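**Student:**
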Amino acid sequence: MALSRLFDISQRSMVTYQRSMDVASNNIANAGNPDYRRQRAIVSTEKTQQNAGITWGSGIKIDDVQRVRNSLTENQIINNNQSKSFFERSSVLLGQIENIYTEPSELGLSSMLGQFLSSWSELSANPTSSALRGSVAYSAQNLAAKVNEVNEGFQIVKSSIYYEFQDKVAEVNDILSSLQSVNRQISEAKAIGQNANDLMDKRDTFVDNLSKLVNITVNYESDETVSISIGGVFAVNKGSFTKFEVSNTEGNIAMVSQNGGKVAKLTKGEMGALIDTFTKKIPAYQEKLNSIVNQLVESVNDIHKTGYTNGNPPTMGSSFFEGYDGRELKVSANILNDYNNIAASGDGTSGNGDIAIKIFEIGEANVLNGAKLIDVYSTLISEVGSQKQNADRMNEASSMVLEQLNNQKDSYSAVSIDEEMMNVMKYQKAYEASAKLISMADEMLDTLINMV
């Protein structure tokens, strides 16, 4: 009968608008939650009914409660997270390397090298001076100490990177474990028709955090779970996840799977920056510094061994520097024990300073790949500074793009309290109207009963 249909339509309407108010209220409650995507109730008209050629509507129903999101924008955010994190971390690490050189300053290697060579020029004017000989030895020790300090600085940065990399691998494993768990919960909820919006918010937060650490490829499955690979290696799906560990072989660090030892090729994210600095940048800087120091040691020693000491009688000079092993530079103990063993004379006479002049002139000679030692060193310093500036620029550009993308995301997914309050009032009015319909139908039913 018509009255029963009125009761049914009104009841369905009340349930629909009550649930719609619940959704809007939940949105308002989560307005301050940065991981929350606003939700909306998807409503539709109930299936129409027909009898004896007459068709009538059956009211309204709620089909689903969906998250409001723009998948394209969120995928772009994931990609840009990887780039921004890489350049941001690279900038910090390159800044630490710049600090190792302490350039330009009187404590920098260029200044120490200049002082060392200048001390030979001063000695050439008075080769028998004990004070000037002491100055040569002192400046040589300062130069060696600075070389050793720079090399030690490299090792400190590398050690810091290594321990940070270990922590990041543990963080990746924690995220993957959490993702696998939430994947399973989403799949189970979907299988029995439950709403999994809050779980999917958690899932997206884990994916977002992971994208800041490493380069990832994300696939969204039909049941709203995700499958992710890291650097070409399977990482997680709803059934399992890969546990990674640190590999440190031949001076290179990597993240490898515990079962199978597959290497994840990390090229982006914070961990990509750590690997790039540890395995590429620092070794390249060390190699260039070593080439400069080795050439200096070779040139000074070769010339010094052709000279004569200030002994009585003079003897042929020996190596001024001990062999350089790529980490530590030392002045020969023979020189430090007796400054008279500094071979400044070219012919053995006390007033001759030819060898001292030749050693001084090393600084002006194109002895390393057709260039002066100081010029090669300046190029190295400029390279570090240039890479730091490039990382800063790319970080700034990535930050601007990411900010725009997050603004786009918020325009879709963030909660507008004003809008949700209006929705609550709209649904409340509709709910009250539906309640009045039930009241009217009840009165009509009473009237009909009383008429019998």
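Here the sequence shown stands for residues 8 to 459, where the numbers follow the numbering used here. We put the CB at the ideal spot given by N, CA and C, even for glycine. All of these numbers come straight from a predicted model, not from anything done at the bench.
Using the beta-carbon count (16 or more within 10 Å), is V143 buried or exposed?
**Tutor:** Translated into positions along the sequence shown, residue 143 becomes position 136. Buried, by the Cβ-count rule.
**Student:** Confirm, please, whether the CB-CB distance from R26 to I75 is below 7 Å.
**Tutor:** Stepping through the sequence shown from its first residue, residue 75 is reached at position 68. Stepping through the sequence shown from its first residue, residue 26 is reached at position 19. Ile is not the amino acid found at residue 75; the sequence shown has Val there. Against a cut-off of 7 Å, the Cβ pair of R26 and V75 comes out as no contact.
**Student:** My understanding is that K275 touches N222, with C-beta atoms under 8 Å, so please give their C-beta distance in whole angstroms.
**Tutor:** If you number the sequence shown from 1, residue 275 lands on position 268. If you number the sequence shown from 1, residue 222 lands on position 215. Approximately 4 Å separates the beta-carbon atoms of K275 and N222; this is inside 8 Å, confirming the contact.
**Student:** Relative to the alpha-carbon of R210, which residue among G200, V225, Q201 has its alpha-carbon at the smallest distance?
**Tutor:** Within the sequence shown, the letter at position 203 stands for residue 210. That would be V225, whose Cα lies nearest to the Cα of R210.
**Student:** Threshold first: 3 residues or longer. Then list the beta strand (DSSP E) segments lying entirely within the region 40-120, N to C.
**Tutor:** 46-52, 56-58, 61-63, 67-74
**Student:** Using only alpha-carbon positions, find the residue among V22, S20, I67, N77 that is nearest to Q415.
**Tutor:** Looking up residue 415 in the sequence shown gives position 408. That would be N77, whose Cα lies nearest to the Cα of Q415.
**Student:** Using the three-state DSSP reduction, which class does S188 fall into: helix, strand or coil?
**Tutor:** For the purposes of this step, residue 188 is taken as the residue at position 181 of the sequence shown. DSSP places S188 in the helix class (H, G or I) of the three-state scheme.
**Student:** For D361, tell me which candidate among P41, E53, P134, D29 has the shortest Cα-Cα distance.
**Tutor:** Along the sequence shown, read from residue 1 onward, the residue named residue 361 stands at position 354. The option with the nearest alpha carbon to D361 is P134.
**Student:** Which residue from E81, S125, Q192, A340 puts its Cα closest to that of G330?
**Tutor:** As a first step, residue 330 is located in the sequence shown; it is residue number 323 there, counting from the start. The candidate whose alpha carbon is nearest that of G330 is A340.
**Student:** Rounded to whole angstroms, what is the Cα-Cα separation between V179 and A398?
**Tutor:** Within the sequence shown, the letter at position 172 stands for residue 179. Within the sequence shown, the letter at position 391 stands for residue 398. If you take the alpha carbons of V179 and A398, they lie about 24 Å apart.
**Student:** When you compare each of M428, I445, A437, L444 to N34 by their alpha carbons, which one comes out closest?
**Tutor:** Here residue 34 refers to the residue found at position 27 of the sequence shown. For N34, the nearest C-alpha among the options comes from M428.
**Student:** Would you list the one or two residues that DSSP bridges to S236?
**Tutor:** The residue labelled residue 236 in the question sits at position 229 within the sequence shown. According to DSSP, S236 bridges with T224, F241.
**Student:** Closest by CA to Q18, which one among L303, V154, A38, I69?
**Tutor:** If you number the sequence shown from 1, residue 18 lands on position 11. Among L303, V154, A38, I69, the Cα nearest to that of Q18 is on I69.
**Student:** Return the residue from the list Y145, S385, R191 that minimises the CA-CA distance to S112.
**Tutor:** Reading the sequence shown from its first residue, position 105 is the one you call residue 112. Checked all of Y145, S385, R191; the closest Cα to S112 is S385.
**Student:** Under 7 Å between the Cβ atoms of Q192 and L206?
**Tutor:** Counting from 1 along the sequence shown, the entry for residue 192 is found at position 185. Counting from 1 along the sequence shown, the entry for residue 206 is found at position 199. Cβ atoms of Q192 and L206: closer than 7 Å.
**Student:** Pull up the distance between the alpha-carbon of M8 and that of K245, whole angstroms please.
**Tutor:** In the sequence shown, the residue the question calls residue 8 occupies position 1. In the sequence shown, the residue the question calls residue 245 occupies position 238. In this predicted model, M8 has a pLDDT of only 44, less than 50, meaning its place in the structure is not dependable; the value taken from the coordinates is given anyway. C-alpha separation (whole angstroms): 50 Å.
**Student:** Under the rule that 16 or more other beta-carbon atoms within 10 Å means buried, what is D208, buried or exposed?
**Tutor:** On the sequence shown, residue 208 is found 201 positions in, with the first residue counted as 1. The residue in question, D208, is buried, as its Cβ has 16 or more Cβ neighbours within 10 Å.
**Student:** Do you know offhand how far I237's Cα is from K54's?
**Tutor:** Position 230 of the sequence shown, counted from the first residue, corresponds to residue 237. Position 47 of the sequence shown, counted from the first residue, corresponds to residue 54. Between I237 and K54, the C-alpha separation is close to 47 Å.
**Student:** So is Q497 buried or exposed if we call it buried at 16+ other beta carbons inside 10 Å?
**Tutor:** As shown, the chain starts at 8 and ends at 459. That puts residue 497 outside it, with no answer to give.
**Student:** Helix, strand or coil: how does DSSP classify T454 here?
**Tutor:** Counting from one through the sequence shown, the residue named residue 454 turns up at place 447. Three-state DSSP puts T454 in a helix.
**Student:** Near A196, which residues of its chain fall below 8 Å by C-beta distance, leaving aside the five closest residues on each side in sequence?
**Tutor:** Numbered from 1 along the sequence shown, position 189 holds the residue referred to as residue 196. Within the same chain, A196 has close Cβ partners N202, A203, L206.
**Student:** Mind checking whether V176 and M262 have CB atoms under 7 Å apart?
**Tutor:** In the sequence shown, counting from the first residue as 1, residue 176 sits at position 169. In the sequence shown, counting from the first residue as 1, residue 262 sits at position 255. Yes, they are a contact pair.
**Student:** Would the beta-carbon of S405 fall within 7 Å of that of F161?
**Tutor:** Taking the sequence shown and counting its residues from 1, one reaches residue 405 at position 398. Taking the sequence shown and counting its residues from 1, one reaches residue 161 at position 154. No. Outside cutoff.
**Student:** For E335, collect the residues of the same chain with a Cβ closer than 6 Å to its Cβ; drop the 5 residues on either side in sequence, then sort them by chain order.
**Tutor:** Here residue 335 refers to the residue found at position 328 of the sequence shown. Once the five neighbours on either side are set aside, the close Cβ partners of E335 are N155.
**Student:** Quick check on the DSSP output: what are the complete alpha helix (DSSP H) runs of length 4 or more inside the region 348-393, in order along the chain?
**Tutor:** 361-367
**Student:** Rounded to whole angstroms, how far is the Cβ of I84 from the Cβ of N413, which I believe are closer than 8 Å?
**Tutor:** Residue 84 sits at position 77 when you count from the first residue of the sequence shown. Residue 413 sits at position 406 when you count from the first residue of the sequence shown. Yes, they are in contact, since the Cβ atoms of I84 and N413 sit about 7 Å apart, within 8 Å.
**Student:** Pop quiz: A363 and L150 are said to be a contact at Cβ under 8 Å. What is the actual Cβ separation, rounded to whole angstroms?
**Tutor:** Reading the sequence shown from its first residue, position 356 is the one you call residue 363. Reading the sequence shown from its first residue, position 143 is the one you call residue 150. Actually they are not in contact, since the Cβ atoms of A363 and L150 sit about 16 Å apart, beyond 8 Å.
**Student:** With a threshold of 16 other CB atoms inside 10 Å of the CB of S389, please say whether the residue is buried or exposed.
**Tutor:** Counting from one through the sequence shown, the residue named residue 389 turns up at place 382. S389 comes out exposed.
**Student:** Classify K91: buried if its beta carbon has 16 or more other beta carbons within 10 angstroms, exposed otherwise.
**Tutor:** As a first step, residue 91 is located in the sequence shown; it is residue number 84 there, counting from the start. Per the 10 Å Cβ criterion, buried.
**Student:** Of all the alpha helix (DSSP H) runs that stay within the bounds of the region 261-308, which reach a length of 4 or more residues?
**Tutor:** 276-283
**Student:** Could you tell me which residues DSSP puts in a beta bridge with S254?
**Tutor:** Residue 254 sits at position 247 when you count from the first residue of the sequence shown. Bridge partners of S254: A261.
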